[in-house]
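The block underneath contains the structure these notes are about, expressed in structure tokens.
Residue numbers (the UniProt record's numbering): 1 to 202.
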């Protein structure tokens with residue numbers, strides 16, 4: 001695969017993804033974003049033409065919002081590429097789909113399965129036998145014990161703790177610092193210690 005890479009997204013998350021790509025030896029061609037107010041990130045020009053699917057063969061989706069990342073994935077054919085920071089500790093028995101960003105200090109233990117277009121953020125810990133579905137975001141310093149299932153589009157907030165054998169439902173949100181000891185339904189927002197239902201999203 002070519003080491004040339006386009007980055008789609010020009011927000012803060014994109015800056016972290018760019019630096020991982022640089023550390024892995026990729027040559028960043030340009031940044032793609034529809035926001036006309038952003039002209040450059042670092043030394044890279046922002047091109048305001050992300051509808052151009054002709055560059056899809058080497059584009060990485062650096063968009064932090066899970067819903068928006070899924071919408072973008074429906075418009076572009078992504079390469080079978082993951083960006084994993086060199087300091088991340090990843091079991092040789094972990095399996096990945098593609099389009100995943102794994103940040104510095106992450107620990108992923110044995111027999112974890114990670115889908116497509118997920119963000120495993122700084123110093124998150126995912127223990128044995130967890131299953132992470134597509135478009136999930138595991139935030140910085142979040143910890144998942146063994147055999148946790150995180151379903152499509154869910155967001156596990158910064159510093160959250162999820163005990164073993166829990167299922168986090170589709171498109172749900174676990175609030176920052178929450179301690180999850182019961183399953184979380186689809187489209188729910190849970191907060192606190194122990195985590196309790198705050199709202200159910202429509």
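Glycine included, each C-beta is placed from N, C-alpha and C at the ideal position.
| Item | Value |
| --- | --- |
| Counting only runs that start and end within the region 7-92, where is the beta strand (DSSP E) found for 3 or more residues in a row? | 27-32, 44-47 and 59-61 |
| With DSSP collapsed to three states, give me the class of residue 131. | strand |
| Could you round the C-beta distance between residue 115 and residue 133 to whole angstroms and report it? I think they count as a contact, below 8 Å. | 5 Å |
| With DSSP as the reference, label residue 125 as helix, strand or coil. | strand |
| Indicate whether residue 6 and residue 89 have their beta-carbon atoms separated by less than 8 Å. | no |
| Comparing C-alpha positions only, which one of 171, 150, 135 and 181 sits nearest to residue 129? | 150 |
| For residue 109, which residues of its own chain have a beta-carbon under 6 Å away from its beta-carbon, when the five flanking residues on both sides are left out? | 91, 127 and 128 |
| Tell me the rounded alpha-carbon separation between residue 22 and residue 11. | 17 Å |
| Out of 81, 41, 14 and 35, which has the shortest C-alpha to C-alpha gap to residue 4? | 81 |
| If you follow the beta strand (DSSP E) that residue 188 is part of, which residue opens it and which one closes it? | 188-191 |
| Only counting the same chain, and skipping five residues up and downstream in sequence, which positions put a Cβ closer than 7 Å to that of residue 40? | 46 |
| For residue 117, which three-state DSSP category applies? | coil |
| Of the residues 111, 160 and 38, which one's Cα is nearest the Cα of residue 193? | 160 |
| Out of 24, 14, 20 and 34, which has the shortest C-alpha to C-alpha gap to residue 61? | 14 |
| Helix, strand or coil for residue 244, going by three-state DSSP, please let me know. | No information on residue 244 is available, as it lies outside the stretch 1 to 202 that the chain covers here. |
| Count the other CB atoms within 10 Å of the CB of residue 182; is the residue buried (16 or more) or exposed (fewer)? | exposed |
| Just how far apart, CA to CA, sit residue 42 and residue 18? | 9 Å |
| Contact between the region 138-150 and the region 161-172 is defined here as three or more beta-carbon pairs at a separation below 8 Å; is this criterion met? | yes |
| Does DSSP put residue 207 in a helix, in a strand, or in coil? | For the chain, the structure presents residues 1 to 202; residue 207 sits outside this window and is missing. |
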